[in-house]
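Numbering (this note's numbering), first residue to last: 2 to 254.
Following: one structure in structure tokens, then a few remarks.
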Amino acid sequence: MIVYSNKYRNSIIPYGDYEFEVLNELKDTSRRTDDNCSKHVRFLFEMDGADLNEQCEYLKKHKDIIRRAVFSGKKSIHMVVQFPDSYEAFCRDNYRAIWEYINRTVFDSKCDMQCRNPSRLTRRPGVIRADTGKKQLLVHLNRDSCILDSFYKSVLDPVTLEKKQAQKRSELRRRYCSYLPKHDGCDCSKFESVRYYLDTPFPLMSGNGNSSISLFKAIKCCQKYNDDRTLYEVIAKARAEGWSNKEIEHKLK
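Have a look at this one:
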């Protein structure tokens, strides 16, 4: 159901002093939380850090993919990108990733990051804003969703790919970062050297000079983060591929 709000109370009745509506439909009016959303197809983009002229330029440039735009009655334009209901499952499972992708590729990462949740409040058109006395104006409405289909599809593939890459990075963390629960802010890009060495065959007799460099980087990475468990795997692989104890000890120094 569509729900209106004055920040303190929610209602399915659009009372005249209710300046907001909940971005996505809710299951009921009991609470305005993400887990109470029944739909996840609308995305809000607001850039308080840009002046109105710049916001209008973005609206003009991307009017074909913006479903609705409402002037807040103060300093911002609330721009809504809405996917068809047929994309509900995709939007629900990837809501924040979709918002971040559109913010980056359409709005040059200038939008307020607090708008990333589906239960966000957005300004209602035609209502007088109490603190300014100005009307919240509907400045753009795109009723034709068919012309946006190519845009929806263009979002689907890269967001899906980014999700798979994030899952891969998470898997690398679980596999190679035994210290992770004790250390926040782990940069897993540094563990690519470990992944690369463990997942790449390096028979010493092949004369592959990359073997020595890769082994050294993997050892130093494990030492830096005190990951003895993974270091043991790295050394075991090196021995199996022909490295002597003396050569390994030299790299451990």
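In this text, a Cβ means the ideal position worked out from N, Cα and C, and glycines have one as well.
At what residues does the beta strand (DSSP E) containing residue i begin and finish?
i: Ala-70; result: 69-72
i: Ile-78; result: 78-83
i: Thr-123; result: 122-124
i: Leu-27; result: Looking at the DSSP string, Leu-27 is not in any beta strand (DSSP E), and its letter there is neither H nor E.
i: Phe-46; result: 43-46
i: Val-140; result: 139-142
In angstroms with no decimal places, state the Cα-to-Cα distance between residue i and residue j.
i: Thr-34; j: Asn-25; result: 10 angstroms
i: Glu-89; j: Gln-83; result: 11 angstroms
i: Ile-14; j: Ile-78; result: 24 angstroms
i: Val-160; j: Ser-120; result: 21 angstroms
i: Gly-243; j: Thr-201; result: 15 angstroms
i: Arg-105; j: Asp-158; result: 15 angstroms
i: Ser-110; j: Asp-132; result: 29 angstroms
i: Cys-92; j: Leu-162; result: 14 angstroms
i: Tyr-233; j: Tyr-197; result: 16 angstroms
i: Asn-11; j: Gly-134; result: 22 angstroms
i: Arg-32; j: Tyr-19; result: 16 angstroms
i: Glu-55; j: Asp-36; result: 34 angstroms
i: Lys-183; j: Arg-230; result: Since pLDDT at Lys-183 reaches only 42, below the 50 mark, its modelled position is unreliable, and the value read off the structure follows with that caveat. When rounded, the distance between both Cα atoms is 15 angstroms.
i: Ile-220; j: Ala-237; result: 12 angstroms
i: Gly-17; j: Lys-8; result: 14 angstroms
i: Ser-207; j: Ala-241; result: For Ser-207, the predicted structure reports a pLDDT of 48, less than 50, and the residue's modelled location is therefore unreliable. The matter cannot be settled from this model.
Which residue marks the beginning of the alpha helix (DSSP H) containing residue i, and which one marks its end?
i: Arg-240; result: 229-241
i: Cys-38; result: Cys-38 -> no alpha helix (DSSP H), and no H or E assigned at all.
i: Arg-105; result: 96-106
i: Arg-196; result: 193-200
i: Cys-112; result: Looking at the DSSP string, Cys-112 is not in any alpha helix (DSSP H), and its letter there is neither H nor E.
i: Tyr-59; result: 53-62
i: Ala-131; result: Looking at the DSSP string, Ala-131 is not in any alpha helix (DSSP H), and its letter there is neither H nor E.
Should residue i and residue j be called a contact, given that it needs their Cβ atoms to be closer than 8 angstroms?
i: Ile-66; j: Val-4; result: no
i: Leu-122; j: Val-23; result: yes
i: Leu-253; j: Ala-239; result: no
i: Ser-73; j: Gln-115; result: no
i: Tyr-102; j: Val-156; result: yes
i: Lys-164; j: Asn-95; result: yes
i: Arg-69; j: Val-81; result: yes
i: Lys-76; j: Leu-53; result: yes
i: Val-71; j: Arg-130; result: no
Within 8 angstroms (strictly less), CB to CB, does residue i reach chain C?
i: Ser-215; result: This model lacks chain C altogether, as it is built from one protein chain only.
With distance defined between alpha-carbon atoms, name the residue in the options nearest to residue i.
i: Leu-27; options: Asp-228, Asn-211, Cys-38 and Glu-20; result: Cys-38
i: Arg-144; options: Met-48, Tyr-59, Arg-117 and Pro-85; result: Pro-85
i: Ser-213; options: Ile-249, Glu-55, Asp-49 and Lys-64; result: Ile-249
i: Asp-228; options: Trp-100, Tyr-9, Gly-127 and Val-195; result: Val-195
i: Cys-223; options: His-63, Lys-62 and Glu-193; result: Glu-193
i: Asp-49; options: Pro-126, Asp-113 and Met-2; result: Asp-113
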